[in-house]
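The listed protein sequences derive, respectively, from chains A and B. Numbering of the first sequence is given in my numbering, commencing with residue -2 and proceeding in unit increments. Numbering of the second sequence is given in my numbering, commencing with residue 5 and proceeding in unit increments. For every residue, glycine included, the Cβ atom is placed at its ideal position computed from N, Cα and C. Every value quoted in this text rests on a predicted model; they were computed, and no experiment measured them. See below for the structure under consideration.
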Amino acid sequence: MRNRTVALAQIAPTLGDVRANLERHIEIADRARALGADVVVFPELSLTGYDLQDLVPDVAIPRDGAVLERLAVAAREIDVVAGFVEEDPEHRFYNAAAYLSRGALLHVHRKLHLPTYGLFQEGREFACGDTLRAFGTAHGTTGLLLCEDVWHSPTTWLLAQQGAALVIVAANGPSRGAHPDHGLTSTRVWRDLLRVTARFHTLFVVFVNRVGCEDGLSFDGGSLVVDPLGQVVAELAPLDESIECVSLDADVLRRARTASPLLRDARIEFLHREVGRLRRLRFDLPDEPGAGS
Amino acid sequence: MIDLRIDPAWTAEILERFLRIETQRAGRARVVVGLSGGIDSAVAASLAARALGPTQVVCLALPHRLSSPASLADARSVAEQLGAPFETVDITPIVDGFLQVVGDPGRLRLGNAMARARMMCLFDRSAALDALVLGTSNKTELLLGYGTLHGDLASAINPLGDLYKTQVRALAEHLAIPEAVQRKPPSADLWPNQTDEEDLGVRYADVDRLLWLLIDARAGDATAVAAGFAPERVAWVRARVASMQFKRVPPVVAKVSGRAPGRDFRYPRGGSS
């Protein structure tokens, strides 16, 4: 990968107001460009807010529609990652994130893992994505994940194997209060998870979490950047909006992968065999001729 | 294993933002809070003063003839310390009028009537001032149902509903609530010398630990007993929490259409109060 400067846009979107959020995105993208960023990353569902419930169809937009086009064109000088509710031609609604570059849509990631437990209801509101693809950008191959996706470690592994040196995680991680031993609880948990993720997969992780409050649900922020050695290289102050630029040094990637050749030593064929075996057991599928057991 | 500790500074930061943002989302700039002279309403008012500015927190003392005079003095000291506007509304004539109509309702129903008279005054004041009514019920009270439906349980926004009494005390210390308010035994003050702990038959320090174990840690009864709680106490708390669910939810709506409010017509609260 090449060195790149990422702007972390830790914002509080306005719930249900795509127009207001869009103008805010354009304004912040301008600011990030002025600060020297190559790419600006907004949180999950940054164009809509989180606790949508029955507002989902009202805020849904197609990936090739006017809203993303306007953002892409207005922010043509900088790459933009923004969260939105995607409506496909068959009227399925997805929790999605777009990567916009040079005035056009480069990639859409549809959230793969929709949390539907405890306070989360995403499985009720959204269809889940079925594919995960790293994609090429001017600064190197990149992967995009949404919040819960990164709690399932195979996602990051797959992106790393597809060549991603940077995984961008856009999130809406809700607050769970604060404990005297470690401050804001959710911030600590995310920090631990992402340090491990970056180190185990030897890649950069850029995590942008929202702030603000929706019907009593608070969001902690605590956006951060972890390098492939697992070091936190930048961390935004929690709870409040802020924009910060962070430079990713490609040399750290090379050093990390030289010292810990975990990517090199991944065994795809072995995993394929074992997953195939689990798949046959779990779904009661017949053995395939010639398949390993 | 049982750990009710909170970081009071960060917790206050979260709650201040909650109060500021939710008040704004409702299109309001101020709140009305009933100050009982107790620790919960003092903490709620203090958080609101930090969030909105003290002049935007209208404090109402709502004494009844039977209320302890010390409660009024303590309420006044809380408002004075915050620099918040303070008003006193005597609810005795309202409650007396009610008694004239219904006769002697007995102690419990009289207490409910007093709590609802206070609610009526708070919501009326909030309408006059274009403000939100600030809730002060804590998590222990909500879980045990220790409160009057449409009385002290009624509010527009409540910063304390996910904090046990023990945790509210930690917050009170952090917020430097007047010592007298922090130290006195919790009381609904609906009749002379009433205390919460006598009403409930439990000590907050104990029941909070048990509730934390059963609710927050999702422990089973056997785990609670192994942690030192009597089996009868565990059973009592479980039954009480379950039987009081009706106080924590909106009224039951019969679904007789394709889309019923609350069931399959679901929207965030949005702009209205």
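Just tell me which of A:V56, A:D248, A:G100 and A:L44 has its CA closest to the CA of Y271 (chain B). A:V56
At a CB-CB cut-off below 8 Å, which residues of chain B make contact with S215 (chain A)? I18, R21 and F22
So, is E280 (chain B) buried or exposed, given that buried needs 16 or more other C-beta atoms within 10 angstroms? With chain B represented from 5 up to 277, any question about residue 280 (chain B) goes unanswered, as that position is not in the structure.
Alpha-carbon spacing of T140 (chain B) relative to K169 (chain B), whole angstroms: 11 Å
Reference A239 (chain B), options B:P254, B:A258, B:L218 and B:L8, closest by Cα: B:L218
Could you list which residues in chain B have their beta carbon closer than 7 Å to that of C210 (chain A), in chain order? R21, F22, I25 and E26
Compare the C-beta of W240 (chain B) against all C-beta atoms of chain A and say whether one is closer than 8 Å. no
Starting from the Cα of E177 (chain B), find the closest Cα among B:S71, B:S159 and B:S50 and give me that residue. B:S50
Compare the C-beta of R54 (chain B) against all C-beta atoms of chain A and say whether one is closer than 8 Å. Judged by the 8 Å Cβ criterion, R54 (chain B) is not in contact with chain A.
Within chain B, the residues that L52 (chain A) reaches when beta carbons sit closer than 8 Å: Within chain B, the residues near L52 (chain A) are Y271 and P272.
Report the three-state DSSP secondary structure of N206 (chain A) (helix, strand or coil). For N206 (chain A), the three-state secondary structure derived from DSSP is strand.
Note down, in chain order, all residues in the segment 157 to 179 of chain A with a beta-carbon under 9 Å from any beta-carbon belonging to chain B. S172, G174, A175, H176, P177, D178 and H179
The segment 205 to 214 of chain A in contact with the segment 241 to 249 of chain A per 3-pair CB rule at 8 Å: Output reads no: the segment 241 to 249 of chain A does not touch the segment 205 to 214 of chain A.
Along chain A, in chain order, which residues have C-beta atoms closer than 7 Å to that of W14 (chain B)? A175, G180 and L181
Closest by C-alpha distance to I240 (chain A), when choosing among A:R279, A:Y114 and A:V36: A:V36
Below 8 Å, can you find three or more Cβ-Cβ pairs linking the segment 98 to 110 of chain A to the segment 70 to 79 of chain A? A contact exists between the segment 98 to 110 of chain A and the segment 70 to 79 of chain A.
Are the C-beta atoms of I1 (chain B) and some chain A residue less than 8 Å apart? Residue 1 (chain B) cannot be examined here, being either before or after the span of chain B that is shown, 5 to 277.
Which residues in the same chain have their Cβ closer than 6 Å to the Cβ of L52 (chain A), if we skip the five residues on either side of it in sequence? G13
Which class does S290 (chain A) belong to by DSSP, given the choice of helix, strand or coil? Low confidence applies to S290 (chain A): its pLDDT is 47, below 50, so where it sits in the model is not reliable, and the reading given next is rough at best. Here S290 (chain A) sits in coil by DSSP.
H136 (chain A): CB within 7 Å of a non-hydrogen atom of the ligand NAD: Absent from the structure shown: the ligand NAD. Ligands present: none.
Verify the CB distance criterion: does L236 (chain A) have a CB-CB separation below 8 Å to chain B? For L236 (chain A), the answer is yes, since a Cβ of chain B falls inside 8 Å of its Cβ.
Could you name the residues of chain B that L12 (chain A) contacts, counting a contact when the two beta carbons are closer than 7 Å? Against chain B, the beta carbon of L12 (chain A) has neighbours under 7 Å at P272, listed in chain order.
Are there three or more Cβ pairs, one per stretch, closer than 8 Å when the segment 12 to 27 of chain A is compared with the segment 263 to 275 of chain A? no
Along the chain, which unbroken stretches of the beta strand (DSSP E) at least 3 residues long are found entirely within the segment 87 to 143 of chain B? 90 to 92
CB contact below 8 Å: D189 (chain A) versus chain B: Taking Cβ atoms only, chain B never reaches closer than 8 Å to D189 (chain A), which makes this a no.
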